[in-house]
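Heads up: the sequence lines are chains H and L, in that order. Numbering follows UniProt numbering, with no gaps: position 380 of the first sequence is 380. Numbering follows UniProt numbering, with no gaps: position 496 of the second sequence is 496. For every residue, glycine included, the Cβ atom is placed at its ideal position computed from N, Cα and C.
There are 2 protein chains.
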Amino acid sequence: MSGTLNVTKGVNVEILQDGFEVALNGVVLLQHTIQKPMLFVGHGEETIEMYRGNFDIKDYVTERTALRYANVEEMEGAYKIDLSNLKNGDTMLSLIVKEEENRLKVEYQKNDANINRFWLRVAADKQEKVYGCGEQLSHFNMRGKNFPLWTSEPGVGRNKQTYVTWQADVVDKAGGDYYNTNFPQPTYVSSKKYYCHVETTAYADFDFRNEAFHELQVWEVPKYMLFETADTYLELVEKITGLFGRQPELPEWVYNGVVLGIQGGTDVVEQKLEKVLAKGMKVSGVWCQDWQGKRITSFGKRLMWNWKWNESEYPELDKKIAEWKENDIRFLGYINPYVAIEGDLYKEAEDKGYLALNTEGNTYLVDFGEFYCGVVDFTNEEATEWYKQVIKENMIDFGLDGWMADFGEYLPTDVVLKNRIDAKIMHNAWPTMWAKVNYEAVSEAGKLGEIVYFMRAGYTGIQKYCTLLWGGDQSVDWSLDDGLASVIPAALSSGMIGCGLHHSDIGGYTSLHGNKRSKELLMRWAEMGAFTPMMRTHEGNRPDDCFQFDGDEETLEHLARMSNVYVTMAPYIKSLVEENARRGIPVQRPLFMHYEEDEKTYDIQYQYLFGEDVLVAPVHQENQTEWEVYLPEDQWVHVWSGEAYTGGSVTVQAPLGYPPVFYRKKSIWSELFSKLIHI
Amino acid sequence: MSGTLNVTKGVNVEILQDGFEVALNGVVLLQHTIQKPMLFVGHGEETIEMYRGNFDIKDYVTERTALRYANVEEMEGAYKIDLSNLKNGDTMLSLIVKEEENRLKVEYQKNDANINRFWLRVAADKQEKVYGCGEQLSHFNMRGKNFPLWTSEPGVGRNKQTYVTWQADVVDKAGGDYYNTNFPQPTYVSSKKYYCHVETTAYADFDFRNEAFHELQVWEVPKYMLFETADTYLELVEKITGLFGRQPELPEWVYNGVVLGIQGGTDVVEQKLEKVLAKGMKVSGVWCQDWQGKRITSFGKRLMWNWKWNESEYPELDKKIAEWKENDIRFLGYINPYVAIEGDLYKEAEDKGYLALNTEGNTYLVDFGEFYCGVVDFTNEEATEWYKQVIKENMIDFGLDGWMADFGEYLPTDVVLKNRIDAKIMHNAWPTMWAKVNYEAVSEAGKLGEIVYFMRAGYTGIQKYCTLLWGGDQSVDWSLDDGLASVIPAALSSGMIGCGLHHSDIGGYTSLHGNKRSKELLMRWAEMGAFTPMMRTHEGNRPDDCFQFDGDEETLEHLARMSNVYVTMAPYIKSLVEENARRGIPVQRPLFMHYEEDEKTYDIQYQYLFGEDVLVAPVHQENQTEWEVYLPEDQWVHVWSGEAYTGGSVTVQAPLGYPPVFYRKKSIWSELFSKLIHI
């Protein structure tokens, strides 16, 4: 067979002398010849070791076979491609190539039970850039590196060159690397304006190091892959969220100001509120992680992990929540999918058989760092319903308007689950299951759009079920890979694959190995936070080693001013959040999303567009009074000086309190933006 | 075909239902079935980057195919085994199995030009231990780890957990790991009492992590492999050196005392000699690296690398050498296979076309750390003869009685050589070629057995051509992987594969990243040095950061005493060196070599037998006054107290100056050993 075959209007299969080519709307995606096969299969024997959410994963690939020989067969509305490692040999793997809802769908069927490794090459160009793969903290454009996709702790330091990383590795095996993330996803977006999604929850590794192809490795034969093209990046992210789902809007109350992360009990909250309100701070809520109690470990302050009001820690909280709400200040708490062994929830869950088991049939205990927990088994429908009930009764009914829905990355690979599916396959699925538990609890309580829960863990499908991402536990420093800066590529990458609402702990979280949060870092982080969907502070894991928002008058006044900036911007932010809910266009966007002709924008990862009309270039280094910003060609106005710019690299004054922010002169919101100069 | 076929008396090929088995003298070495194939071939694309002798090597294995299907054919005195990945498929690789000089020889022929990766599995038992693979500094028994075999700098620190390693990595990419070594070799010895040698100089990686097999990876199809068995370990090392060759004896003068590493010129040597001789130190020689001049770099004191007497640095050296020799003190120098760009040797070699080229046809310059050198091309016979002449004229004729023949590990993989063989294949061959240059220069001058040169780099064949190994550049610390202790497994492993003469820099060498040599370290190292074939001190790379042998009176007296211990032991040591020259039995031996029934001895790597009759357990930790020693069952006498022991774990007093050393009561040398108590 030879010549061109159009399966449908979009998908085009070209039969070549010794192979074939598959294109979608003119974009060549798969190229196969005997000399350059696009598919390899084989067998590997992995070892996976977890230490407190950090994984040591090794693979011993015993076989990897090129499937050089293809036989293409026409079917109704589809093509079947049989692949073999030999001419006229037995089919080892079959592909069904078809169009489905304007997407190219490639389904896979393996004919050899021994196959547990799969490497597919997607055609690439030298100049091509790729983005996505979940939330990537070190590299927005992933070209030139490979990205293991396995949900885990993101690492402390995340750069083997730094002292903090080295110490974290030595002490806790926790240093991490550029690719470690709470939220991986086997989905990427190419600058050739297509997305590619692999439907799998197995361990995967997407390798973007080669010039002529991207090699997608999966530790199973995936069910299928999807490709979709678009004319613009906006249309592309719209299509991505058309596939994965879109987030609801944020609650109205979020726009009232900053959410203050406070711990220590009712009195402390009261005192701090009084103090900040007197300073004119706009406060939308208080977020008290320790509403359910706390414990002290060598890592720092940790929580009790028994998900209900801790009356001794927060006396009269039931009354206070209502009182604060009357004053437009909401109360937010904390939960995660584990129950600590000392708590009554653990006892109840264990009695009812709701916890995951070990291979001996006993409750599997996970080490979270000097304390142990059971894993609520979300593959057990009754357990899931029970946990939703815990959320509804203990949190929603109690009056909480939001919470951190923490963790989700720790499912051990040797745990025994109710559904009997290998935990290696369920591991990556867990974050989305955890998100869904929250989503259903909230929606069943009729509170979608009124409650906000924020998560760091994610995987395919999180788009629909997670109301807001937070960037995870950054180190309280200026490091590119784990400090303030890292949050920006995190927001941009997750936004590219459909999670358009992102924010981070103002000030960062992890203070270890001598790393302490400075006042300046806290202030710069707050400046950035004012230009994200939600502002929220965090005390950090070791509050005494972290400068706090009420550490001195200047910092208090700075945060108060930034909360006013945020509130001033709120109508605009709300419109962006609405656009995200409706079309899936992220609130924080890479510059190329609106300036795709400008090649320079494709490698910018420490600036972002805040909607179409605002450009933000957070100061992410210490001791800066001015900052260099790249502006794509347009008419820009610097918000603090009113000065006009037309594009290119410009240096602006950027003292504390005045982050480099610009708006488009032609924006319909320009009047609103022009108010910032007066704050 | 089925049943048993004896190729010859020793080699036995058993034809199985779906495979075959090859044994030598009853030891099953190769086992092959369709389900558990013993051979895999494939294709890889490597990237090799060198930075000052440290290599970053990555492999992208695109294909790895199990050769499951075997066809065994009888030939004259041999069996031919054709292997295919398919039943009745084309032969991808053929094996010729035969017996040659009582060895099992397996030759390989590839039928597919695309194959550049080769993985062979040798049958293994769970309890089996393996040793050798060149000079291994971290692990004597290699079971449980894999060992890349590529000559390189061994690393500074060699353990990612240590600060020194981390800093060395960050600053110079030089931290290294447990397997990095100047002297790798694709040869190992099994506790099943066989050796296995792979004939190749390509990159290799021997993987001893699996229970049922050892997987030997080679980046080419090797020419052949050899196996040989023996009844005892002594017989086995004798057979190994029967294959690779044996070292000549050390010169007589070596036994006169310690060789003092001194730098700084004639006057400094004179002054130091006067001082130490007055203390009663026994001195056999002075070793002046900087006899050919020096330079200062950020690393420390470096040499000029223009191999001839530097008269301004060493005035009247020509006369002094003769004068010292009359007083039984020899002069030793330094050379390596590179010529610095500033020197006249470089100019001469470049003019004559003796230097290796880059791909543009110009002289290839290698960065040795703030200075550049040409590579004398030993694949060019004229260049080799010229360099031998340099050694003969500038060193031997000038009166040198020994030298450090440094380096050999730095051949860049992109260098163009006269013989046009890929430098990736020549890289591992280089150390032995360099050794051969020295060997031939010395033997052609009629000085074999009178001159000693010591090397750190090695590879297959070094056994015959290197008169003495030194352990390379240890860090001046107590670390197991790179300090004093590391020298012991280094001596044991190289001894197992036929390099029976080993010694090390007393005090270690590398002082970087805050690491400074303490007085105690120097003293402990000297104690160990007295129980090695040759005692030699080193100032270190940063002499001012290293405590020196003349740093104070106590240290001087300690070294003087140790030199007397060495001289007292000399007749015994000489007999061991003679045994090594005659039979290839190493001077430093693992305990199991004489106590093979004692299972505990197989994992002891920080003690050694010094010949059959002396057991040495160097104190390799700081601040020790006593030391625990394991003694195999025998009648032992503690040399310093005369106390008798019969075996087991014993703790002895081990203050400075009294290293834990024992001798066999029944030894014919016991009278000699009993003299030590009086020193």
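Supposed close pair Val390 (chain H), Leu448 (chain H) - CB separation, criterion 8 Å: Actually they are not in contact, since the Cβ atoms of Val390 (chain H) and Leu448 (chain H) sit about 18 Å apart, beyond 8 Å.
is_contact[Glu440 (chain L), chain H] using C-beta, thresh 8 Å: So, not an interface residue.
Contact under 8 Å by Cβ, Ile462 (chain L) with Ala441 (chain L): No; because the gap between Cβ atoms is not below 8 Å, this pair is not in contact.
Counted within 10 angstroms of its Cβ, other Cβ atoms place Ala168 (chain L) as buried (16 or more) or exposed: Classification of Ala168 (chain L): buried, given that the 10 Å Cβ count is 16 or more.
Neighbour-count burial assignment, Met535 (chain L), 16 or more Cβ in a 10 Å radius: Result: buried.
Bridge-paired residues (DSSP) for Glu71 (chain H): The amino acid occupying residue 71 (chain H) in the given sequence is Asn; Glu does not appear at that position. DSSP lists H:Asp82 as partners of Asn71 (chain H).
Where Pro186 (chain H) sits in the DSSP three-state scheme: It is a strand residue.
Chain L contact for Ala581 (chain H) (CB, 8 Å cutoff): Not one chain L Cβ lies under 8 Å of Ala581 (chain H).
Reduced DSSP category for Asn12 (chain L) - H, G, I as helix; E, B as strand; rest coil: Looking at Asn12 (chain L) - three-state DSSP - the assignment turns out to be strand.
Coil, strand or helix - Thr601 (chain L) by DSSP: If DSSP states are grouped into helix, strand and coil, Thr601 (chain L) belongs with the helices.
For Leu545 (chain L), the first and last residue of its enclosing alpha helix (DSSP H): The question names Leu, but residue 545 (chain L) is Asp in the sequence shown. Where Asp545 (chain L) is concerned, there is no enclosing alpha helix (DSSP H), given that its DSSP letter is neither H nor E.
9 Å Cβ cut-off: residues of chain H touching Ala202 (chain L): Contact of Ala202 (chain L) with chain H by beta-carbon distance below 9 Å is absent, the smallest such distance being about 20 Å.
The region 481-501 of chain L touching the region 276-288 of chain L, judged by at least three CB pairs closer than 8 Å: Touching, no.
Coarse secondary structure for residue 691 (chain L), derived from DSSP in three states: A query on residue 691 (chain L) cannot be resolved here, the shown segment of chain L reaching from 1 to 679 and no further.
Rounded Cβ spacing between Thr297 (chain L) and Gly343 (chain L) (contact assumed at less than 8 Å): Incorrect: roughly 16 Å between the Cβ atoms, too far for contact.
C-beta contact flag for Tyr608 (chain L) and Thr601 (chain L) at 8 Å: In this structure, Thr601 (chain L) does not lie closer than 8 Å to Tyr608 (chain L) by Cβ.
Top-ranked residue by Cα proximity to Ser670 (chain H), from H:Pro618, H:Thr568, H:Glu235: Ser670 (chain H) has its Cα closest to that of H:Thr568, out of H:Pro618, H:Thr568, H:Glu235.
Glu228 (chain L), DSSP secondary structure in three states: Three-state DSSP puts Glu228 (chain L) in a strand.
Beta carbon of Lys388 (chain H) nearer than 8 Å to that of Glu444 (chain H): Against a cut-off of 8 Å, the Cβ pair of Glu444 (chain H) and Lys388 (chain H) comes out as a contact.
Through-space distance from Lys173 (chain H) to Gly53 (chain L), alpha-carbon basis: Straight through space, the alpha carbons of Lys173 (chain H) and Gly53 (chain L) are spaced by roughly 29 Å.
Contained beta strand (DSSP E) runs [length at least 3] in the region 120-157 of chain L, N- to C-terminal order: Taking 3 residues as the shortest admissible run, the region 120-157 of chain L contains the following complete beta strand (DSSP E) segments, listed from N- to C-terminal end: 130-134, 146-149.
Amino acids of chain L, ordered along the chain, whose beta-carbon sits closer than 7 Å to that of Leu86 (chain H): Here the neighbours are Leu86.
Entirely enclosed beta strand (DSSP E) segments - the region 383-430 of chain H, minimum 3 residues: As far as the region 383-430 of chain H is concerned, its whole beta strand (DSSP E) runs of at least 3 residues are 402-405.
Helix, strand or coil at Val27 (chain L) [DSSP, three-state]: The three-state reading of DSSP puts Val27 (chain L) in strand, counting E and B together.
Chain L contact for Gln161 (chain H) (CB, 8 Å cutoff): Chain L contact via Cβ: present.
Phe673 (chain H) in three-state terms, based on DSSP: Secondary structure of Phe673 (chain H) (DSSP, three-state): helix.
Rounded distance between the beta-carbons of Leu501 (chain L) and Asn438 (chain L), thought under 8 Å: The beta carbons of Asn438 (chain L) and Leu501 (chain L) sit about 14 Å from each other, so the pair does not count as a contact at 8 Å.
Within 8 Å, strictly: CB atoms of Pro337 (chain H) and Gly245 (chain H): With contacts defined by Cβ atoms closer than 8 Å, Pro337 (chain H) and Gly245 (chain H) do not form a contacting pair.
Residues that Trp636 (chain H) bridges to, as DSSP identifies them: Within the DSSP bridge table, the entry for Trp636 (chain H) names H:Tyr645, H:Arg664 as partners.
Cβ of Met92 (chain L) within 8 Å of any chain H Cβ: At least 8 Å separates the CB of Met92 (chain L) from every CB of chain H.
Through-space distance from Phe331 (chain H) to Trp253 (chain H), alpha-carbon basis: Rounded to the nearest angstrom, the two C-alpha atoms are 11 Å apart.
Test: Arg117 (chain H) CB closer than 8 Å to a CB of chain L: Judged by the 8 Å Cβ criterion, Arg117 (chain H) is not in contact with chain L.
Member of H:Leu120, H:Ser190, H:Gly261 whose CA lies at the smallest distance from the CA of Asp505 (chain H): Taking the Cα of Asp505 (chain H) as reference, the smallest distance to any Cα among H:Leu120, H:Ser190, H:Gly261 is reached at H:Gly261.
Terminal residues of the beta strand (DSSP E) in which Glu628 (chain L) lies: Its beta strand (DSSP E) spans residues 626-631.
C-beta neighbour in chain L for Ala560 (chain H), strict 8 Å: By this cut-off, Ala560 (chain H) is not an interface position.
Contacts of Val170 (chain H) in chain L (Cβ-Cβ under 7 Å): The answer, in chain order, is Gln161.
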